[in-house]
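Take 14 as the starting number for the sequence shown in my numbering and just add one per residue. Below: one structure, written as structure tokens.
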Amino acid sequence: MRLPEREEIFRNHGEQHPLWRVVLLAAGFLLGSLVLGIPALLLFPPPDDDPTAILNLESPTFIASAWAMLAAAAAVVYLLTRRMDRQEWQATGLWLHPGWVREALSGVLLGALMIAAVFVVLNASGIAGTTPGTQPARALLLGVVVLLPMALTEELLFRGYLLRNLAQAWGGRAALALSAAIFAIFHLSNPDRDALALVNIAVMGVLMGYAYLQSGSLWFPFGLHFAWNFTQGTLLGMPISGLGIPGLIRTHLGLPHSLSGGPFGPEASILATVVMALGFGYIMWRYGGPASIPRGGGTEGENPRAR
Numbered sequence: 014m015r016l017p018e019r020e021e022i023f024r025n026h027g028e029q030h031p032l033w034r035v036v037l038l039a040a041g042f043l044l045g046s047l048v049l050g051i052p053a054l055l056l057f058p059p060p061d062d063d064p065t066a067i068l069n070l071e072s073p074t075f076i077a078s079a080w081a082m083l084a085a086a087a088a089v090v091y092l093l094t095r096r097m098d099r100q101e102w103q104a105t106g107l108w109l110h111p112g113w114v115r116e117a118l119s120g121v122l123l124g125a126l127m128i129a130a131v132f133v134v135l136n137a138s139g140i141a142g143t144t145p146g147t148q149p150a151r152a153l154l155l156g157v158v159v160l161l162p163m164a165l166t167e168e169l170l171f172r173g174y175l176l177r178n179l180a181q182a183w184g185g186r187a188a189l190a191l192s193a194a195i196f197a198i199f200h201l202s203n204p205d206r207d208a209l210a211l212v213n214i215a216v217m218g219v220l221m222g223y224a225y226l227q228s229g230s231l232w233f234p235f236g237l238h239f240a241w242n243f244t245q246g247t248l249l250g251m252p253i254s255g256l257g258i259p260g261l262i263r264t265h266l267g268l269p270h271s272l273s274g275g276p277f278g279p280e281a282s283i284l285a286t287v288v289m290a291l292g293f294g295y296i297m298w299r300y301g302g303p304a305s306i307p308r309g310g311g312t313e314g315e316n317p318r319a320r
């Protein structure tokens with residue numbers, strides 16, 4: 014059996030192989046995050062008595078780092094799209110194409126409804142209870158300035174570049190599976206995560222990725238991603254993937270953890286699995302058809318199949 018040459022592994026019919034692009038995406042993002050993150054840390058250093066403040070979503074250190082990571086993600090995706098893919102930025106699907114507002118608002122509505130449904134079930138069953146929050150204006154502001162760059166960073170990296178390139182090489186189904194697995198691996202360092210949490214994160218990656226492939230627009234998955242996190246943390250006071258953020262109310266999650274998600278939050282809950290499955294059913298109805306590569310990366314305007 015002949016082993017493939019290095020050029021065969023990292024090239025695909027005369028073009029850079031998608032696996033090589035994945036490596037460059039990861040390396041470029043890490044390098045960019047360091048280059049832009051170090052000045053952010055120097056401007057907003059963590060307190061000497063609390064070096065873990067960088068993991069605190071409320072801290073200026075974390076906020077500055079989140080925006081630095083967004084800048085790094087946008088820069089590396091732009092450079093790879095233009096220089097390696099020889100495509101315009103519009104190929105990412107993040108541009109003001111016809112229908113972008115409808116896509117974004119539809120994603121926001123679905124994301125908010127999905128996590129709100131989990132909250133309603135948890136409270137109605139007595140598994141969760143709530144107490145009033147404090148400083149609502151501060152909570153809302155933090156929710157935007159922290160969760161918006163986090164969601165957009167992940168969507169640019171995992172859907173706007175990674176999934177798009179994998180789909181162009183191997184088709185939609187394989188690309189969805191691999192990109193969703195990488196998306197889950199990206200969250201391995203989150204506190205209190207367990208196997209179900211990682212499975213649900215992967216399922217969410219498939220859900221958002223399917224919407225992206227079918228629409229060619231990044232606005233729907235971005236709106237869904239941001240609204241899910243914002244509703245979960247800022248509005249309902251539940252942990253977001255193991256991370257806490259001030260909310261308008263405080264939700265206390267009880268037992269069993271398989272239903273509440275425990276300290277990781279509802280994303281480690283079977284209820285989240287159910288609502289994600291229902292959300293995926295809606296997205297299939299909205300766009301229809303099997304997963305494919307983005308139709309022109311969103312450059313052809315509004316998807317005529319979107320309902």
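Even for Gly, the Cβ is constructed at its ideal location relative to N, Cα and C. If you're wondering where the values come from, they're calculated on a predicted model, not measured in any experiment.
Item: Whether A347 touches G120 by CB criterion (8 Å); Value: This structure cannot speak to residue 347, because the chain is shown only from 14 to 320.
Item: Buried versus exposed, by CB contacts within 10 Å (16 or more), S46; Value: buried
Item: Minimum C-alpha distance to P279 - residue among R34, I67, S78 and N136; Value: N136
Item: Burial state of P52 (16 or more Cβ within 10 Å); Value: exposed
Item: Cα-Cα separation between A150 and R186, rounded to whole angstroms; Value: 43 Å
Item: Between the CA atoms of P31 and W183 - distance to the nearest angstrom; Value: 9 Å
Item: Host beta strand (DSSP E) of T264 (start-end); Value: I262 to L266
Item: Nearest candidate by alpha-carbon position, reference F196, set F57, F171 and L179; Value: F171
Item: Rounded straight-line distance, which links the Cα of L248 to that of G50; Value: 29 Å
Item: Among F57, Y91 and H238, nearest to E167 - alpha-carbon criterion; Value: H238
Item: Segment contact flag, the stretch 198-211 with the stretch 81-100, C-beta cutoff 8 Å, min 3 pairs; Value: no
Item: Boundaries (first-last residue) of the alpha helix (DSSP H) holding A281; Value: Note, A281: premise wrong, no alpha helix (DSSP H); not H, not E.
Item: Uninterrupted beta strand (DSSP E) stretches inside the stretch 87-166 (no shorter than 3 residues); Value: 141-145
Item: Contacts around L56, its chain only, beta-carbon distance under 8 Å, and the 5 residues preceding and following it disregarded; Value: A77
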